[in-house]
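A.B. asks: Let me begin by handing over the structure; questions about it come next.
There are 6 protein chains.
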Amino acid sequence: MTVHDASQYKVAKEPFYRVTAGEDALYKAAYARRMPVMLKGPTGCGKSRFVEYMAWKLGRPLITVACNEDMTASDLVGRFLLDKDGTKWQDGPLTTAARIGAICYLDEIVEARQDTTVVIHPLTDHRRQLPLDKKGELIEAHPDFQLVISYNPGYQSLMKDLKQSTKQRFAALDFDYPDATVEAEIVARETGVDPDTAGKLVQIAHRTRNLKGHGLDEGISTRLLVYAGQMIAEGVEPTAACLMTLVTPLTDDPDMRQTLQAAVETFFV
Amino acid sequence: MTVHDASQYKVAKEPFYRVTAGEDALYKAAYARRMPVMLKGPTGCGKSRFVEYMAWKLGRPLITVACNEDMTASDLVGRFLLDKDGTKWQDGPLTTAARIGAICYLDEIVEARQDTTVVIHPLTDHRRQLPLDKKGELIEAHPDFQLVISYNPGYQSLMKDLKQSTKQRFAALDFDYPDATVEAEIVARETGVDPDTAGKLVQIAHRTRNLKGHGLDEGISTRLLVYAGQMIAEGVEPTAACLMTLVTPLTDDPDMRQTLQAAVETFFV
Amino acid sequence: MTVHDASQYKVAKEPFYRVTAGEDALYKAAYARRMPVMLKGPTGCGKSRFVEYMAWKLGRPLITVACNEDMTASDLVGRFLLDKDGTKWQDGPLTTAARIGAICYLDEIVEARQDTTVVIHPLTDHRRQLPLDKKGELIEAHPDFQLVISYNPGYQSLMKDLKQSTKQRFAALDFDYPDATVEAEIVARETGVDPDTAGKLVQIAHRTRNLKGHGLDEGISTRLLVYAGQMIAEGVEPTAACLMTLVTPLTDDPDMRQTLQAAVETFFV
Amino acid sequence: MTVHDASQYKVAKEPFYRVTAGEDALYKAAYARRMPVMLKGPTGCGKSRFVEYMAWKLGRPLITVACNEDMTASDLVGRFLLDKDGTKWQDGPLTTAARIGAICYLDEIVEARQDTTVVIHPLTDHRRQLPLDKKGELIEAHPDFQLVISYNPGYQSLMKDLKQSTKQRFAALDFDYPDATVEAEIVARETGVDPDTAGKLVQIAHRTRNLKGHGLDEGISTRLLVYAGQMIAEGVEPTAACLMTLVTPLTDDPDMRQTLQAAVETFFV
Amino acid sequence: MTVHDASQYKVAKEPFYRVTAGEDALYKAAYARRMPVMLKGPTGCGKSRFVEYMAWKLGRPLITVACNEDMTASDLVGRFLLDKDGTKWQDGPLTTAARIGAICYLDEIVEARQDTTVVIHPLTDHRRQLPLDKKGELIEAHPDFQLVISYNPGYQSLMKDLKQSTKQRFAALDFDYPDATVEAEIVARETGVDPDTAGKLVQIAHRTRNLKGHGLDEGISTRLLVYAGQMIAEGVEPTAACLMTLVTPLTDDPDMRQTLQAAVETFFV
Amino acid sequence: MTVHDASQYKVAKEPFYRVTAGEDALYKAAYARRMPVMLKGPTGCGKSRFVEYMAWKLGRPLITVACNEDMTASDLVGRFLLDKDGTKWQDGPLTTAARIGAICYLDEIVEARQDTTVVIHPLTDHRRQLPLDKKGELIEAHPDFQLVISYNPGYQSLMKDLKQSTKQRFAALDFDYPDATVEAEIVARETGVDPDTAGKLVQIAHRTRNLKGHGLDEGISTRLLVYAGQMIAEGVEPTAACLMTLVTPLTDDPDMRQTLQAAVETFFV
């Protein structure tokens, strides 16, 4: 068996996260029962940051896996590698988490192939086991192990959705962008711009978020606002900074670009 | 030949299972003839728990495999691994079960590719054999070996259904959610909430189960009720607990969410 | 070259098979000329049992392969395995059969990919050869070797059908369920139920077989009748036994289930 | 370099083949120029036998490859195998043929994937080379090497057809079933039945060949006639022999079966 | 750990690049914050050249990867290779860049499969980490590491577009062909033709760029103008040079060719 | 590093090629600038022969790769092979060409998968580099290296076309069948038939070329005319020779065959 160094997965310092609706208490209660938790919400609204924050608060190691459609069950569970003495088993991130009692965070689970999704089933019911079929070993999850997944409802389609038998294994928390005051505070804190500029950036974002589904797939995320603030803090002229970080990345449609640029110019002349 | 330690697959203590309609006697009769059995029913209604319970009652080891569409026949049967002395055969879970006389439970068989499904054919007729084609060995199943599969009729589609030649190798038992009294008893017992709260949770579930096919793919499972009870037992306010465990995981449709929340609020004000 | 132990493929004792229309004499004549034979017929009507019976009668070893759509030509012919001295060739079941003079039975050939199907061509014409392209060896089939395949016309579709150039390499025998008297005798003999009960089971089956194509993909097979008989012989109440073995496995359609149950209740009140 | 034993590919004794339209002279002229040749015609009409016959007549070794849609370029050209001293190159059948100056016969080329088809290009123009890209070797074909392919126009579809750039590398010979007298002679000679019976079998075949495209994909081939004759020679009653070899293999359509059976009964009462 | 020689990725001499709209200052500000940057624009307008120029200006090593739809995450991140002492990890280009603090330029990212795209996520948010799941190592990106991707909006389709969760990780800069004077200067400088000829070539290009979407997928790029200039500088007659470099590569449609040729003949008689 | 023997790729003797429109001078000018060149034209019109001719004339080694849809980037670039001392890198044909300064000719590039196509990008712009990502090596192309591709516009389809970003990296030359006099001369020279017969064959070809798109995918190529001439030179009667080489390979449509045969009979009675 591989000896795992749990300490490398500890979150070293407190991540910046603003609790908004008691989601920390709900998560804590779920963790007390080691209940699997699903985080739902749009891109860049702070889901990953929240898990990091909770892992830090609970003092648990955190192992994050960015799921994708080409990921196999072996990428999660582990595989045999060829050594000079023959094959040697190498734990995957999920197995490592189950052994050391980490919080395992599967980011954008819906992107993964079904074998990835199904692999978590025995870890998410009363069994709390992970069978390593290829190795012939049955792992009992560490008492502190918990599984967390994220899920962007906007991506949900006929082709790619979680199976009911997977969904019904998780308690779920909704996430959304923070409210205007909190978001401005975040932007100011992370970039160094003054509160007024931060407030204007947030107002631009709010206008675009109403365009979601009316020509935009998603509105401007908090992350992009931080980019805008950083450019301004670097001395770039605000409209140029907004064009580069809030308009150009989002769309190539000329009309929509004009709409977005008008929103920028309302606040920065 | 690998030496298998059957004891690790023994079910250590009696799993909590409430017999409802003599399904234990029917299963026992089928096992007496080592008849392959198919368990049909919706997500989270207790199929896996039932097999565990019967394995415990019959004193047989149990090997469970969560099937998925990327699973190959080799994942079930076994494969050659590279060793320092060359290749070494490693039994898969089905082969292990056939050798040690375990009950082999293939969960959600319909998810598997056809090669998985076909591989069980010679084990499910008068032959009771498992040919390891790649190894050139023909295994006679242990006299105590039995095959059990689960099947969720709701998933059945034109693309994914069992072949007639597979279906007709199994006796079948229908499963559904337990009736209200039994289900409330289960929820109370597994979470520690009082009978009244448990009863309310079950009534919420009943309302949603009628919505199956009218906007919901499946109703709230017993598992989610247990999650709700656990959150309440952790001190979370009941409507918040229900929102997190009974509403948010099930749907992202705003109308359906309102309907579900209304159902919750009928019982918890 | 691998040394094969032909004796392990010998059919040890006479399989129970009831000849109904001189099919044994026809098969024997075909075998005298080592003519490839195709067995056509629905699921569970006794095709596999017939081959076993003929192999026993002719005293030839029998090698059975359950075909599936993920099976490769290598699964039939053989492959190189890694050994401590490098790669070592391992015969596949077809190659073994060709070497030792066995009857090779490819069950449900139509499920296999085309490379499997094409691989049998040189074995089924005047050449009677099997080229092991990967090994650079050309095997002359043993004088006693014969190829038998099974084929369920009900599965035939535009996507999956045998190529004409494959079909025209086989003589063919039609199979169907045995007539009522014979089938009742089989059920009684294999389960231990009295002739009257066996007769009733067969009559239920006959009613369902008329529903084929009118809501049922296939009627109740002899195998399921044997399951029903076994349950009854184990002391299970006949209607419960029939529900579990003749109704539930076949369909999930409520109307069709009612029809089947009515058929059961006509005979067992 | 592997040392090849050409003698094992020599056609040992004269194959039975009846020249019908000077095709031997045309083939001989093409071979004199080592021109690639394509044999076109329906299933079982003697294309493979013809190549064998010509290989025997010209005294050239013959290497036959049954193409299929899962065959890779490596299956034709060769691959590296792992040895105790590392990897070792193993020639594929096409490479072997190019080295020893054999006639290489690719049966049903249209079944193969395009990489197989393209691999033959440099062997079929003025270059007469086979680049082993994986080995970094450029083989000059032996002066006696020739490529022959077969092609069944009936299979041709939008999805599977030879590319023009492949087609235009071959001279082509049409094949069809032999005329009645010749075919009867073949049947009699290969089975031992009397000329009268052989003649009747051929007449049955002629009737079915007119049904091609009117409910039958292809008519009865000479090969099936030989099967029928063999069964009769084994003492099987002629109508039973014809049913098993001329009717049942061809179709499962009840009407078409009746038509075919009527044809049989016209000649054998 | 592999020791990387960063110096081999340094851009040795100043690449020729003409700044047009302060894009160098914007890029520099983004790099100061190590912000991921996306370059948008049509084929051959200088995106790759710009990254090279900035890498040179900032004195950072540059690692370029041409993305394609068959590229796997392992191609970016690294893989285990077999060594005489067993398996040895080999860093992929992305990992190398993260270790040595290079600018990693993923050219035409939209061509890549999703696993490639998702792999960059943890490198493009506050984590700046690259988990090597297969190796069980978590890399902290070098402080100087930056990720740059290119994106051709013209290719964007329903099937192939960046996910919102990817898009919103980048600031973006629009690129287009340089204006006429600058472009002519580039052509003259890179080919050696006189300014007048260069000017004519640019005017031909401008005419075709208006045809984009009206029969041409894209207009003539600066690169093709340079080809034309080079042919002319080699002494080829201008209309022949233009035909070979500006007309024939772009289209096979006879009408469109005539239109293009007419444009050429307007300037070179 | 593998040591390459460039001499084995030298074109030993002058290939027979008739320059028709100064294409040799244009190619030479392009080569002087090492400009990538694309040869466009129908099957068998002499594109491959032209590259060979130019390679001979310029005294450069030539490496030809027949592209196909199953070819991977590794087939072009190289791969690791297992040796007794572990893995050893083996250059692919493109890498070899880049190292030794050969002309690399990718025949029918449009057949290849996109990873093949994209792999050539850094070799076809100002970088002239080939990154061996798997090996971690960046090759600077030899100063004499040039890339040539061929492209048959007739194959172009929505599914299979070169990307604009690939197309715009090449200067292009159109090819077509030689004019009647030249083509007759070629046929006479390559087969040994008299000029009159050669002329007749060319006239037959001209008639069929007008049928392109009216029932024929392509007209008779020069190559097939050479086949016809060779058969006649071997003493085969001209109409039989034409049937075998000009009619049967091209089509199976009875009407079109009659049309072609009529064309043959107009010239050979």
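Quick note, the sequences are listed as chains A, B, C, D, E and F, same order.
Per the numbering used here, residue 1 is the first one in the first sequence, and the count goes up by one each step.
Per the numbering used here, residue 1 is the first one in the second sequence, and the count goes up by one each step.
Per the numbering used here, residue 1 is the first one in the third sequence, and the count goes up by one each step.
Per the numbering used here, residue 1 is the first one in the fourth sequence, and the count goes up by one each step.
Per the numbering used here, residue 1 is the first one in the fifth sequence, and the count goes up by one each step.
Per the numbering used here, residue 1 is the first one in the sixth sequence, and the count goes up by one each step.
Just so you know, even glycine gets a beta-carbon here, dropped at the ideal spot from N, CA and C.
Just so you know, these numbers come straight off a predicted model, no measurement behind them.
With which residues is D:Cys104 paired in a DSSP beta bridge?
C.D. replies: Taking the first residue of the fourth sequence as position 1, residue 104 of chain D is located at position 104. Answer by DSSP bridge pairing, in chain order: D:Ile63 and D:Leu147.
A.B. asks: If you check the beta carbons only, do F:Phe145 and F:Ala102 fall under 8 Å apart?
C.D. replies: For the purposes of this step, residue 145 of chain F is taken as the residue at position 145 of the sixth sequence. For the purposes of this step, residue 102 of chain F is taken as the residue at position 102 of the sixth sequence. Yes; because the gap between Cβ atoms is below 8 Å, this pair is in contact.
A.B. asks: Would you mind sorting A:Val19 into buried or exposed? The rule is 16 or more other CB atoms within 10 Å of its CB.
C.D. replies: Start at 1 with the first residue of the first sequence, and residue 19 of chain A comes out as number 19. Exposed, because fewer than 16 other Cβ atoms sit within 10 Å of the Cβ of A:Val19.
A.B. asks: Please go through the same chain and pick out, in chain order, the residues whose beta-carbon is closer than 6 Å to the beta-carbon of E:Leu260, but skip the five residues on each side of it.
C.D. replies: In the fifth sequence, counting from the first residue as 1, residue 260 of chain E sits at position 260. Closer than 6 Å at the Cβ level, and outside the excluded window around E:Leu260, lie Val247.
A.B. asks: Nearest to F:Val226 by alpha carbon, out of F:Gly215, F:Leu211, F:Val193 and F:Thr239?
C.D. replies: Sequence index remark: in the sixth sequence, residue 226 of chain F carries index 226 (1-based). Ranking F:Gly215, F:Leu211, F:Val193 and F:Thr239 by Cα distance to F:Val226 puts F:Val193 first.
A.B. asks: Could you name the residues of the same chain whose beta carbon sits closer than 6 Å to that of D:Ala188, not counting the 5 residues immediately before and after it, in chain order?
C.D. replies: Taking the first residue of the fourth sequence as position 1, residue 188 of chain D is located at position 188. Excluding positions up to five away in sequence, the list reads Pro195 and Ala198.
A.B. asks: Can you find the residues in the same chain that come closer than 7 Å, C-beta to C-beta, to C:His4, ignoring five residues on each side of it along the sequence?
C.D. replies: Position 4 of the third sequence holds residue 4 of chain C. If we look at C:His4 and ignore the five residues flanking it on each side, its Cβ neighbours are Thr96, Arg99 and Ile100.
A.B. asks: Just confirm the distance between the C-beta atoms of D:Leu62 and D:Val77, as a whole number of angstroms; I'd bet it's less than 8 Å.
C.D. replies: By 1-based counting over the fourth sequence, the position of residue 62 of chain D is 62. By 1-based counting over the fourth sequence, the position of residue 77 of chain D is 77. Their Cβ separation, rounded to whole angstroms, is 19 Å, which puts D:Leu62 and D:Val77 out of contact at 8 Å.
A.B. asks: Would you check if there are 3 or more beta carbon pairs closer than 8 Å linking the segment 37-56 of chain A to the segment 173-182 of chain A?
C.D. replies: As far as the Cβ criterion goes, the segment 37-56 of chain A touches the segment 173-182 of chain A, which means the pair count is three or higher.
A.B. asks: State buried or exposed for C:Ser157, treating a residue as buried only when at least 16 other CB atoms are found within 10 Å of its CB.
C.D. replies: Within the third sequence, the letter at position 157 stands for residue 157 of chain C. Low confidence applies here, because C:Ser157 scores a pLDDT of 46, under 50, leaving its location unreliable and the question unanswered by this model.
A.B. asks: Which parts of the segment 156-205 of chain D are runs of the alpha helix (DSSP H), unbroken and 4 residues or longer, counting only runs that do not cross its ends?
C.D. replies: With a minimum length of 4 residues, the continuous alpha helix (DSSP H) runs that stay inside the segment 156-205 of chain D are 164-167 and 180-191.
A.B. asks: Considering only the alpha carbon of each residue, which of E:Gly213, E:Val119 and E:Asp253 lies closest to A:Val65?
C.D. replies: Within the first sequence, residue 65 of chain A is the residue found at index 65, counting from 1. Comparing Cα-Cα distances from A:Val65 to each of E:Gly213, E:Val119 and E:Asp253, the minimum goes to E:Val119.
A.B. asks: In whole angstroms, what separates the C-alpha of A:Tyr27 from that of A:Arg60?
C.D. replies: Along the first sequence, one-based indexing puts residue 27 of chain A at 27. Along the first sequence, one-based indexing puts residue 60 of chain A at 60. Roughly 13 Å between the two C-alpha positions.
A.B. asks: Quick check on DSSP: helix, strand or coil for A:Pro131?
C.D. replies: Numbered from its first residue, the first sequence carries residue 131 of chain A at position 131. Correct three-state label for A:Pro131: strand.
A.B. asks: I need the straight-line Cα distance from A:Arg257 to E:Ile109, nearest angstrom please.
C.D. replies: Taking the first residue of the first sequence as position 1, residue 257 of chain A is located at position 257. Taking the first residue of the fifth sequence as position 1, residue 109 of chain E is located at position 109. Roughly 22 Å between the two C-alpha positions.
A.B. asks: Would you mind giving the Cβ-Cβ distance between A:Leu94 and A:Leu58, rounded to the nearest angstrom? I have them listed as a contact below 8 Å.
C.D. replies: Counted from its first residue, the first sequence places residue 94 of chain A at position 94. Counted from its first residue, the first sequence places residue 58 of chain A at position 58. Between A:Leu58 and A:Leu94 the Cβ distance is about 19 Å, and since that is not below 8 Å, they are no contact.
A.B. asks: Taking only beta-carbon positions, decide if C:Leu224 is within less than 8 Å of chain B.
C.D. replies: Against the third sequence, residue 224 of chain C aligns to sequence position 224. C:Leu224 counts as touching chain B.
A.B. asks: The segment 199-220 of chain A: which residues have C-beta closer than 7 Å to a C-beta of chain E, in chain order?
C.D. replies: Correct list: Asp217 and Glu218.
A.B. asks: Tell me the rounded alpha-carbon separation between D:Gly44 and D:Glu23.
C.D. replies: Residue mapping note: residue 44 of chain D aligns to position 44 of the fourth sequence, counting from 1. Residue mapping note: residue 23 of chain D aligns to position 23 of the fourth sequence, counting from 1. Straight-line Cα distance between these residues: approximately 17 Å.
A.B. asks: If I follow the unbroken beta strand (DSSP E) through D:Lys40, where does it start and stop?
C.D. replies: Against the fourth sequence, residue 40 of chain D aligns to sequence position 40. It spans Val37 to Lys40 - the beta strand (DSSP E) in which D:Lys40 sits, taken as one unbroken run.
A.B. asks: Start and end of the beta strand (DSSP E) containing F:Ile139?
C.D. replies: As a working mapping, residue 139 of chain F is identified with position 139 in the sixth sequence. Where F:Ile139 is concerned, the enclosing beta strand (DSSP E) stretches over Glu137 to Glu140.
A.B. asks: Are the CB atoms of C:Tyr105 and C:Val148 within a distance shorter than 8 Å?
C.D. replies: Here residue 148 of chain C refers to the residue found at position 148 when the third sequence is read from its first residue. Here residue 105 of chain C refers to the residue found at position 105 when the third sequence is read from its first residue. Yes, the pair counts as a contact, with Cβ atoms nearer than the cut-off.
A.B. asks: Checking contacts by CB at 8 Å: is B:Leu123 closer than that to chain C?
C.D. replies: For the purposes of this step, residue 123 of chain B is taken as the residue at position 123 of the second sequence. Not an interface residue.
A.B. asks: Compare the C-beta of A:Thr87 against all C-beta atoms of chain B and say whether one is closer than 8 Å.
C.D. replies: Taking the first sequence and counting its residues from 1, one reaches residue 87 of chain A at position 87. Yes - at least one Cβ of chain B is within 8 Å of the one on A:Thr87.
A.B. asks: Just the Cα atoms here: how many angstroms apart are F:Tyr9 and C:Pro36?
C.D. replies: Within the sixth sequence, the letter at position 9 stands for residue 9 of chain F. Within the third sequence, the letter at position 36 stands for residue 36 of chain C. Each residue's Cα considered, the two are about 51 Å apart.
A.B. asks: The alpha helix (DSSP H) that contains D:Pro122, what's its start and end?
C.D. replies: On the fourth sequence, position 122 is the one that residue 122 of chain D refers to. Run containing D:Pro122: none; DSSP gives neither H nor E here.
A.B. asks: Using a Cβ cut-off of 7 Å, pull out every chain A residue sitting near B:Pro238, in sequence order please.
C.D. replies: For this step, residue 238 of chain B is matched to residue 238 along the second sequence. Under the 7 Å cutoff, chain A gives no residues; its nearest Cβ is about 12 Å from B:Pro238.
A.B. asks: Can you list, in chain order, the residues of its chain with a C-beta nearer than 8 Å to that of C:Leu162? Leave out the 5 residues immediately preceding and following it.
C.D. replies: Counting from 1 along the third sequence, the entry for residue 162 of chain C is found at position 162. Only Ile109, Val110, Thr117 and Tyr151 meet the Cβ criterion.
A.B. asks: Is it buried or exposed, E:Ala205, if we count other Cβ atoms within 10 angstroms and call 16 or more buried?
C.D. replies: Along the fifth sequence, one-based indexing puts residue 205 of chain E at 205. By the neighbour-count rule (16 or more Cβ atoms within 10 Å), E:Ala205 is buried.
A.B. asks: Which residues in the same chain as D:Tyr17 place their Cβ atom closer than 8 Å to its Cβ, once the five residues preceding and following it in sequence are excluded?
C.D. replies: In the fourth sequence, residue 17 of chain D corresponds to position 17, counting from 1. So the list reads Gly46, Arg49, Phe50, Glu52 and Tyr53, once near-sequence residues are dropped.
A.B. asks: State yes or no: is the C-beta of C:Thr191 within less than 8 Å of the C-beta of C:Ala241?
C.D. replies: By 1-based counting over the third sequence, the position of residue 191 of chain C is 191. By 1-based counting over the third sequence, the position of residue 241 of chain C is 241. Going by C-beta atoms, C:Thr191 is not nearer than 8 Å to C:Ala241.
A.B. asks: Please identify, using Cβ separations under 8 Å, the residues of the segment 164-195 of chain D that lie next to chain C, in order along the chain.
C.D. replies: Answer set for the segment 164-195 of chain D: empty.
A.B. asks: Just confirm the distance between the C-beta atoms of F:Glu140 and F:Arg128, as a whole number of angstroms; I'd bet it's less than 8 Å.
C.D. replies: Working through the sixth sequence from its first residue, we reach residue 140 of chain F at position 140. Working through the sixth sequence from its first residue, we reach residue 128 of chain F at position 128. Going by Cβ atoms, the distance from F:Glu140 to F:Arg128 rounds to 7 Å, so yes, they are a contact pair.
A.B. asks: Under 8 Å Cβ to Cβ from C:Asn210, same chain only, skipping five residues before and after it: list those, please.
C.D. replies: The residue given as residue 210 of chain C occupies position 210 in the third sequence. Around C:Asn210: Gly219.
A.B. asks: Of the residues B:Pro249, B:Ser74 and B:Thr222, which one's Cα is nearest the Cα of A:His126?
C.D. replies: Counted from its first residue, the first sequence places residue 126 of chain A at position 126. The candidate whose alpha carbon is nearest that of A:His126 is B:Thr222.
A.B. asks: Assign B:Thr87 to one of three DSSP states: helix, strand, or coil.
C.D. replies: The sequence position of residue 87 of chain B within the second sequence is 87, counting from 1. Note: B:Thr87 maps to strand in three-state DSSP.
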